[in-house]
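Its first residue numbered 1, the sequence shown is counted upward by one per residue in the UniProt record's numbering.
Below: one structure, written as structure tokens.
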Amino acid sequence: MNSTYNELLARISKLDNSNSKLSLDDSVRLEIPNFTKDIKDMALALKPWRKGPFHLNELFIDSEWRSFVKFNILKPHLNLKDKVVADVGCNNGYYMFKMLEFKPKSIVGFDPSELAFLQFSFINHFAKSDIKFEIAGVESLPSYGIKFDTIFCLGVLYHRSDPIKCLKELKSAMKQGGEVFIDTMYIERDDEMVLSPNGSYSKIPNISFIPSIKALQNWVKRAKFKSFEILATKDTDSFEQRKTKWIDSQSLEDFLDPNDSSKTIEGYPAPKRVYIRLT
């Protein structure tokens, strides 16, 4: 980490977390008896907050994504009690904190973003969980040395230039009899085609491929998973993703055609997501 990140990490460690308590609903809530201006200033210093929301006493971190929408889609399908769990592309750990209510044996998050690690460290300083965070990506799974009962990989696959390799890396870290939960963008077609955007998709430059569901299923077969179960499909809408004061940048409303919300600003079909369970 560079000096700025080291300084922020040191500031986090000095915040008073005496008797702080974690509770969970759609928000990750922290009760902090000794709440100070330094805590609020730290939350502001760690912007942008993409995943959440979080409540720190009366301070509401209104993240860009209302991540409980995604979690609540997956929740009926989860059985994490006493499981060894990984969240690949975990961002600031919102989903991992939410997983605590299922009483897993352990949770490890993987994300290469230093800002995501700092946000996690800030929240976990008060939550005091045993969640482990690795500043690493999906490519680190094959050599990590631990196999997982359940792996989450949410909003990652379309960022990978080799999505089949990514799926193989996930499978390599899955215990025999384990499962992988994925959500990814897809294009609504009945054939086995893939969209490869020219330059950007919804103003996002690092999107290489967006498959139809049939093409996605073919990728999964090539990665040697045994089963492919569709849990849900959903349009991305302005309730789930929108601009807030906690990001200071553009969001979904800026990524779509202002005259036709069924299309991105580039003219591609607007974002849709499919949620799948692989074994």
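All C-beta atoms in this analysis are idealised placements derived from N, C-alpha and C, irrespective of residue type, glycine included.
DSSP places A43 in the uninterrupted alpha helix (DSSP H) bounded by 37-45.
In the DSSP assignment, A86 falls within the beta strand (DSSP E) that extends over 84-88. In this structure I151 touches A86 by the C-beta definition: roughly 5 Å separates them, less than 8 Å. For F148, the three-state secondary structure derived from DSSP is strand. With respect to D111, N124 sits apart: the two C-beta atoms are not nearer than 8 Å. Taking I187 as the centre and dropping the five residues before and after it, the same chain places the C-beta of L195, I210, S212, P269 closer than 6 Å to its C-beta, in chain order. Counting only unbroken stretches of 4 or more residues, the alpha helix (DSSP H) elements lying wholly within the region 247-273 are 252-255, in sequence order. The region 52-70 makes contact with the region 239-252, as at least three CB pairs between them are under 8 Å.
Sequence-distant Cβ neighbours of Q241 in its own chain, meaning closer than 7 Å and more than five residues away, are E64, W65, S251, L252. When rounded, the separation of the alpha-carbon atoms in E179 and S106 is 15 Å. According to the DSSP secondary-structure assignment, P211 is paired through a beta bridge with V194. About 6 Å separates the beta carbon of N57 from that of I32, a gap short enough to meet the 8 Å contact definition.
Residue environment: D149 is assigned as buried (16 or more neighbouring CB atoms within 10 Å of its CB, all protein chains considered). A distance below 8 Å separates the beta carbons of A173 and K147. Membership of V69 in the alpha helix (DSSP H) is indicated by the continuous run 68-74.
Selection K272, G137, F97, R50 evaluated against S23 yields F97 as nearest (Cα-Cα). Membership of F133 in the beta strand (DSSP E) is indicated by the continuous run 132-134.
Excluding its 5 nearest sequence neighbours in each direction, A116 has C-beta neighbours in its own chain below 6 Å: N91, N92, listed in chain order.
Beta-bridge annotation (DSSP): D235 is paired with K272.
In the three-state DSSP reduction, V220 falls in the helix class (H, G or I). Between the alpha carbons of K75 and Y158 lies a distance of about 23 Å. Distances from the alpha-carbon of Y275 to those of G155, G137, S161 put G155 closest. From the listed residues E134, L231, K224, E266, the smallest Cα separation to P197 is found for E266. Linking W219 to D183 through their CA atoms gives a straight-line distance of about 14 Å. Rounded to the nearest whole angstrom, the CA to CA distance from L141 to S129 is 22 Å. The straight-line gap separating the alpha-carbon atoms of G89 and E139 is approximately 11 Å.
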